[in-house]
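A.B. asks: Using numbering that gives the first Met the number 0, read the sequence shown as starting at 0 and increasing by one per residue.
Here a beta-carbon is modelled for each residue, glycine too, at the ideal position from N, C-alpha and C.
As the structure is a computational prediction, the values presented were derived from the model and not from experiment.
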Amino acid sequence: MSKILLGCIADDFTGATDLANNLVRSGMRTVQTIGIPGERLQTQVDAVVVALKSRTAPRQEAVEHSLDALHWLKSQGAQQIYFKYCSTFDSTPEGNIGPVTEALLDALEREAPGFTIATPAFPDNGRTVFNGYLFVGDVLLHESGMQNHPLTPMKDSNLVRVMQAQCRRRVGLIDYRAVAKGAVAIRDRIDELRKQGVQIAIVDAISNDDLIKLGPALKGMPLVTAGSGVAIGLPANFGIAPSNAASELPRASGFRAIVSGSCSAATNRQVRAFSASGGESLRIEPLQVARGSDVVAEAIGWAAPRLAQRPILIYSTAEPAVVKDAQERLGAQRAGALLEQALAEIARGLVERGVSQLVIAGGETAGACVQALEIAQLRIGPQIDPGVPWCHAQPTVAPDGLHLALKSGNFGSDDFFTKAFTLLT
Ligand code: ADP
Numbered sequence: 000m001s002k003i004l005l006g007c008i009a010d011d012f013t014g015a016t017d018l019a020n021n022l023v024r025s026g027m028r029t030v031q032t033i034g035i036p037g038e039r040l041q042t043q044v045d046a047v048v049v050a051l052k053s054r055t056a057p058r059q060e061a062v063e064h065s066l067d068a069l070h071w072l073k074s075q076g077a078q079q080i081y082f083k084y085c086s087t088f089d090s091t092p093e094g095n096i097g098p099v100t101e102a103l104l105d106a107l108e109r110e111a112p113g114f115t116i117a118t119p120a121f122p123d124n125g126r127t128v129f130n131g132y133l134f135v136g137d138v139l140l141h142e143s144g145m146q147n148h149p150l151t152p153m154k155d156s157n158l159v160r161v162m163q164a165q166c167r168r169r170v171g172l173i174d175y176r177a178v179a180k181g182a183v184a185i186r187d188r189i190d191e192l193r194k195q196g197v198q199i200a201i202v203d204a205i206s207n208d209d210l211i212k213l214g215p216a217l218k219g220m221p222l223v224t225a226g227s228g229v230a231i232g233l234p235a236n237f238g239i240a241p242s243n244a245a246s247e248l249p250r251a252s253g254f255r256a257i258v259s260g261s262c263s264a265a266t267n268r269q270v271r272a273f274s275a276s277g278g279e280s281l282r283i284e285p286l287q288v289a290r291g292s293d294v295v296a297e298a299i300g301w302a303a304p305r306l307a308q309r310p311i312l313i314y315s316t317a318e319p320a321v322v323k324d325a326q327e328r329l330g331a332q333r334a335g336a337l338l339e340q341a342l343a344e345i346a347r348g349l350v351e352r353g354v355s356q357l358v359i360a361g362g363e364t365a366g367a368c369v370q371a372l373e374i375a376q377l378r379i380g381p382q383i384d385p386g387v388p389w390c391h392a393q394p395t396v397a398p399d400g401l402h403l404a405l406k407s408g409n410f411g412s413d414d415f416f417t418k419a420f421t422l423l424t
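#1: The beta strand (DSSP E) spanning Thr-316 covers which residue range?
#2: Can you give me the C-alpha to C-alpha distance between Asn-20 and Leu-248, rounded to a whole angstrom?
#3: Let me confirm a value: His-402 is counted as buried when at least 16 other C-beta atoms fall within 10 Å, else exposed. Which label applies?
#4: CB-CB under 8 Å to Gln-195, same chain, minus the five flanking residues each way: which ones, in chain order?
#5: Between Ala-336, Thr-118, Ile-96, which has its C-alpha nearest Ile-205's C-alpha?
#6: Starting from the C-beta of Ala-334, find all residues in its chain whose C-beta is less than 6 Å away, skip the five residues before and the five after it, and write them out in chain order.
#7: What residue from Asp-414, Ser-412, Val-369 has the CA that sits closest to Gln-393's CA?
#8: Between the region 67-77 and the region 135-152, do at least 3 Cβ pairs fall closer than 8 Å?
#9: Let me know if Ser-407 comes out buried or exposed under the rule of 16 or more other beta-carbons within 10 Å of its beta-carbon.
#10: Is Val-270 closer than 7 Å to Ala-341 when the C-beta atoms are compared?
#11: Grab me the residues of Val-223's own chain with a C-beta within less than 8 Å of its C-beta, minus the 5 sequence neighbours each way, in chain order.
#12: I'd like to check one pair, Glu-339 with Ala-367: are the Cβ atoms closer than 7 Å?
#13: Identify, in the order they occur along the chain, each residue of the same chain with its Cβ nearer than 6 Å to the Cβ of Ala-419, setting aside the five sequence neighbours on each side.
#14: Could you tell me which residues DSSP puts in a beta bridge with Cys-368?
#15: Considering only C-alpha positions, which residue in the set Glu-101, Ala-182, Thr-417, Gly-362 is nearest to Lys-212?
#16: Give me whichever residues DSSP pairs with Trp-389 in a beta bridge.
#17: Kindly indicate which three-state DSSP category Val-44 falls into: helix, strand or coil?
#18: Is Asp-413 closer than 7 Å to Arg-282 when the C-beta atoms are compared?
#19: How big is the Cα-Cα spacing for Arg-429 and Pro-221?
#20: Please find out if some non-hydrogen atom of the ligand ADP comes closer than 6 Å to the beta-carbon of Thr-13.
#21: Alpha carbon to alpha carbon, what distance is there between Gln-75 and Lys-2?
#22: When every heavy atom of the ligand ADP is checked, does at least one fall within less than 6 Å of the C-beta of Pro-285?
#23: Please identify the residue among Pro-388, Glu-351, Leu-103 whose C-alpha is closest to the C-alpha of Thr-13.
#24: Could you check which residue in Ala-264, Ala-184, Pro-381 has the C-alpha nearest to that of Ala-320?
#25: Give me the Cβ distance between Arg-352 and Ile-299, rounded to the nearest whole Å; I'm assuming they're in contact under 8 Å.
#26: To the nearest whole angstrom, what separates the beta carbons of Asp-209 and Val-159, a pair I think is in contact under 8 Å?
#27: DSSP puts Gln-308 in a beta bridge; with which residues?
#28: Taking only runs that begin and end inside the region 160-200, name each unbroken beta strand (DSSP E) of 3 or more residues, in chain order.
#29: Taking only the alpha-carbon atoms, compute the straight-line gap between Gly-260 and Asp-174 and give it to the nearest angstrom.
#30: Judging by CA-CA distance, which residue of Phe-415, Phe-416, Gly-26, Ala-50 is the nearest neighbour of Gly-481?
#31: Taking DSSP as the reference, what is the three-state secondary structure of Pro-285?
#32: Regarding Gly-144 and the ligand ADP, is the C-beta to nearest heavy atom distance less than 6 Å?
#33: Could you name the residues of the same chain whose beta carbon sits closer than 7 Å to that of Phe-121, not counting the 5 residues immediately before and after it, in chain order?
#34: Which of the three DSSP states is assigned to Asn-130 in this structure?
#35: Going by alpha carbons, who is nearest to Ala-302 out of Ile-257, Thr-316, Ala-336?
#36: Please list, in chain order, all residues of the same chain as Asp-45 whose beta carbon is under 6 Å from its beta carbon, the five residues on each side excluded.
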């Protein structure tokens with residue numbers, strides 16, 4: 000197996016998919032792994048994104064897992080490391096973005112004197128950085144609602160200050176003027192900052208054009224830290240251009256099913272649209288599960304004779320008032336956990352009965368299903384809707400391969416459930 004070019008460490012699962020999706024669209028064949036792989040890569044690729052759960056983990060644990068991921072990626076030949084975090088720079092005053100960045104810089108220092116950039120800019124998704132201030136759409140980060148986030152409230156929009164508070168190393172800024180002039184000016188600015196003792200630089204970017212200009216300036220930099228936006232400018236450094244070949248997956252065949260545990264507005268619309276278009280569906284009630292009735296066996300029994308005909312949908316998706324009622328009766332945590340487990344067992348049962356094209360709606364639901372299916376590696380394929388690609392895995396339960404689409408809550412158009420299968424055929 001030949002060596003990979005770009006090794007990425009993502010601080011959460013859906014963030015990893017977001018980055019992998021951008022890399023594939025820019026021409027890099029990409030695998031996402033769930034945690035640090037204990038095994039070799041199953042296919043030959045240009046980039047690997049290791050998905051960790053380090054965003055809100057205790058700092059020491061986040062650092063240790065990130066270093067383990069670094070060592071694994073290096074052992075696969077990664078020439079450049081990309082630490083990926085959220086485009087709203089989700090972190091607390093203590094980290095984990097700063098501490099993980101510095102630990103990676105320390106570990107890579109043998110290769111080159113430590114310097115890296117940090118920018119969550121992703122203009123396509125409305126995240127721009129100007130004079131070091133992060134905007135979410137038209138408003139500053141600290142006015143975007145993120146100031147009220149339950150785990151990582153972002154009360155300061157000045158990323159130089161935010162990052163400096165988390166770092167021992169000095170933090171500086173590569174502003175929009177340097178970025179607008181292109182790679183040479185950006186490199187000059189980096190040299191200037193280094194002379195001033197700065198080792199981490201926030202980078203302004205207000206358009207995709209800025210990210211494309213930034214790309215060549217990062218060639219050969221051992222560590223890049225960013226949201227998923229910077230990825231669009233990196234593949235060219237390795238002589239890779241956008242092409243459809245990067246998203247090619249093995250041919251899809253076998254039965255098709257959708258499992259949905261998301262109660263987001265978009266998913267509610269998608270469930271309604273699927274039924275309205277004549278799709279057959281079965282609803283799982285949380286109270287049924289709590290009473291101990293065997294909803295898994297019932298659901299599989301319902302699905303089995305239908306699978307050969309057309310795609311089926313099994314869902315617990317419900318409108319907010321219905322969800323609230325169930326949560327009041329069972330407790331929100333318990334209702335969620337019971338349904339996640341039931342839907343994950345149903346997903347596994349469906350795959351055991353020949354489903355090999357599976358759409359899963361809901362971030363937490365998808366996490367539970369991926370775990371139940373014992374999936375460790377996902378090859379990233381074509382995008383169905385922004386942020387949601389088809390993936391391919393080869394877990395023990397599906398030795399001939401399994402096509403998976405993991406859709407987090409509010410992603411996807413109303414006809415997502417039918418569109419997804421059309422794209423695959
Ligand atoms: P999203 O990506 O839309 O946030 P998630 O799967 O991450 O979806 O989260 C949805 C949560 O709601 C899960 O824990 C799921 O088990 C739970 N849930 C799903 N259906 C219901 C329901 N009918 N009543 C209460 N909780 C539900």
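C.D. replies: Taking the structure as given:
#1: Run containing Thr-316: none; DSSP gives neither H nor E here.
#2: Distance from the CA atom of Asn-20 to the CA atom of Leu-248, rounded to whole angstroms, is 13 Å.
#3: That one is buried.
#4: Excluding the 5 residues flanking it on each side, Gln-195 has same chain C-beta neighbours closer than 8 Å at Arg-169, Gly-171, in chain order.
#5: With distances taken between Cα atoms, Ile-205 lies closest to Thr-118.
#6: Here Ala-334 has Pro-285, Ala-325, Gln-326 as same chain residues with Cβ atoms under 6 Å from its own Cβ, once five neighbours each way along the sequence are excluded.
#7: The closest CA to that of Gln-393, considering only Asp-414, Ser-412, Val-369, is found on Val-369.
#8: The region 135-152 and the region 67-77 do not touch, with fewer than three beta-carbon pairs separated by less than 8 Å.
#9: Classified as buried, Ser-407 has 16 or more neighbouring CB atoms from the shown chains inside 10 Å of its CB.
#10: No, the pair does not count as a contact, with Cβ atoms beyond the cut-off.
#11: The residues are Gln-79, Ile-80, Tyr-81, Phe-82, Thr-115, Ile-116, Leu-217, Val-229, Leu-233.
#12: Yes.
#13: Same-chain partners within the cutoff: Val-358, Ile-383, Ala-404.
#14: For Cys-368, which the question treats as bridged, DSSP gives no partner whatsoever.
#15: Comparing Cα-Cα distances from Lys-212 to each of Glu-101, Ala-182, Thr-417, Gly-362, the minimum goes to Ala-182.
#16: In the DSSP assignment, Trp-389 is bridged to Ala-404.
#17: In the three-state DSSP reduction, Val-44 falls in the coil class, being neither helix nor strand.
#18: Taking the C-beta atoms as reference points, Asp-413 is found no nearer than 7 Å to Arg-282.
#19: The structure shown does not extend to residue 429, since the chain is modelled only from 0 through 424, so no value can be given for it.
#20: Answer for Thr-13: no, Cβ out of range of the ligand ADP.
#21: If I take the Cα positions, the gap works out to 6 Å.
#22: Yes, the beta carbon of Pro-285 sits closer than 6 Å to at least one heavy atom of the ligand ADP.
#23: Taking only the C-alpha atoms, the option nearest Thr-13 is Pro-388.
#24: Comparing Cα-Cα distances from Ala-320 to each of Ala-264, Ala-184, Pro-381, the minimum goes to Ala-264.
#25: At roughly 7 Å, the Cβ-Cβ gap stays under 8 Å, so Arg-352 and Ile-299 are in contact.
#26: Contact check for Asp-209 and Val-159: beta-carbon distance about 17 Å, past the 8 Å limit, so the pair fails to qualify.
#27: Answer is none; Gln-308 lacks a bridge partner.
#28: Inside the region 160-200, DSSP marks whole beta strand (DSSP E) runs of 3 or more residues at positions 169-173, from first to last along the chain.
#29: If I take the Cα positions, the gap works out to 43 Å.
#30: Residue numbering for the chain in the displayed model covers 0 to 424; residue 481 lies beyond these limits and cannot be assessed.
#31: In this structure, Pro-285 counts as helix in the three-state DSSP scheme.
#32: It does not: the Cβ of Gly-144 is nowhere closer than 6 Å to a heavy atom of the ligand ADP.
#33: By the criterion of a C-beta distance shorter than 7 Å, Phe-121 is surrounded in its chain by Ser-86, Gly-226, Ser-227, Gly-228, once the five residues flanking it on both sides are discounted.
#34: Coil, per DSSP.
#35: Considering only alpha carbons, the answer is Ile-257.
#36: Hits under 6 Å: Leu-4, Met-27, Arg-28.
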